[in-house]
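Residue 2 is where the sequence shown starts when you use this note's numbering, and the numbers rise one by one after that.
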Amino acid sequence: MYKVTSTDYTNNSRIKRKIYGIIGAAITLIVPFFLMLNNHNDHLESDQSFCPFKMVTGFPCPGCGITKSLVYFYQGDLYKSISYHILGPFVIAFCWVTIIVLVTEIITKKEYFTGLLYNKKLAYRLAYFLAIYHFIRLILFVKNNSIDDIMHQSIWF
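1) Could you check how far apart the C-beta atoms of K69 and L45 are, in whole angstroms? I think they sit under 8 Å.
2) Taking 8 Å as the threshold (beta carbon to beta carbon), is I137 in contact with chain D?
3) For the alpha helix (DSSP H) that contains N145, what are its first and last residues?
4) Looking at G25: is its Cβ nearer than 8 Å to the Cβ of L103?
5) Do you know offhand how far D48's Cα is from Y119's?
6) Mind checking T105: buried by the 16 CB within 10 Å criterion, or exposed?
7) If we count the other Cβ atoms within 10 Å of its Cβ and call it buried at 16 or more, is Y125 buried or exposed?
8) So, for L123: in the same chain, excluding its five sequence neighbours on each side, which residues have a beta-carbon less than 8 Å away from its beta-carbon?
9) Would you mind giving the Cβ-Cβ distance between V32 and I156, rounded to the nearest angstrom? I have them listed as a contact below 8 Å.
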């Protein structure tokens, strides 16, 4: 008779987390692809954002533009992709690397980038970069839009 140990439970839990990671990365890659296929007459450029923060305030959140960035990257327009969000192309690369690494870890039963993925210094540096980038984007957003334009980008008008 087979007895379940805490090691078995931990291994099953890790495998589940890796599968969830693969699914999340795949969804992140697939949704913008289907949006690209339905982007007739470039309607995404003028459509209202689905970001709850932007809908309420009229101002973009730090992640605003990522989906459109991925769509335009898929269309081959790197300039437009980066203009929507500088991290868009990096999101695509990160998702592909994540899928490859996690599938490899499940198959080989070894962990390769655990030290890098759970690195606090790296996480803080990325957070600082995103905060500075978002602050610059907000300044440019306010500079390029009137208060009426900003309010019309919210749900209040």
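No residue lacks a Cβ here, since even glycine has one placed at the ideal position from N, Cα and C.
Judging by the given coordinates:
1) Counted from its first residue, the sequence shown places residue 69 at position 68. Counted from its first residue, the sequence shown places residue 45 at position 44. That belief holds up - the Cβ atoms of K69 and L45 are roughly 6 Å apart, short of 8 Å.
2) The question asks about chain D, but that chain is absent: this structure has only one protein chain.
3) Here residue 145 is taken as the residue at index 144 of the sequence shown, counted from 1. K121 to N145 is the span of the alpha helix (DSSP H), which, as asked, contains N145.
4) Residue 25 sits at position 24 when you count from the first residue of the sequence shown. Residue 103 sits at position 102 when you count from the first residue of the sequence shown. No. Outside cutoff.
5) Counted from its first residue, the sequence shown places residue 48 at position 47. Counted from its first residue, the sequence shown places residue 119 at position 118. Approximately 37 Å between the Cα atoms of the pair.
6) The residue given as residue 105 occupies position 104 in the sequence shown. Under this definition T105 is an exposed residue.
7) Counted from its first residue, the sequence shown places residue 125 at position 124. Label assigned to Y125: exposed.
8) In the sequence shown, residue 123 corresponds to position 122, counting from 1. L117.
9) As a first step, residue 32 is located in the sequence shown; it is residue number 31 there, counting from the start. As a first step, residue 156 is located in the sequence shown; it is residue number 155 there, counting from the start. Distance from V32 to I156 at the Cβ level is roughly 22 Å; contact not present, criterion being Cβ atoms closer than 8 Å.
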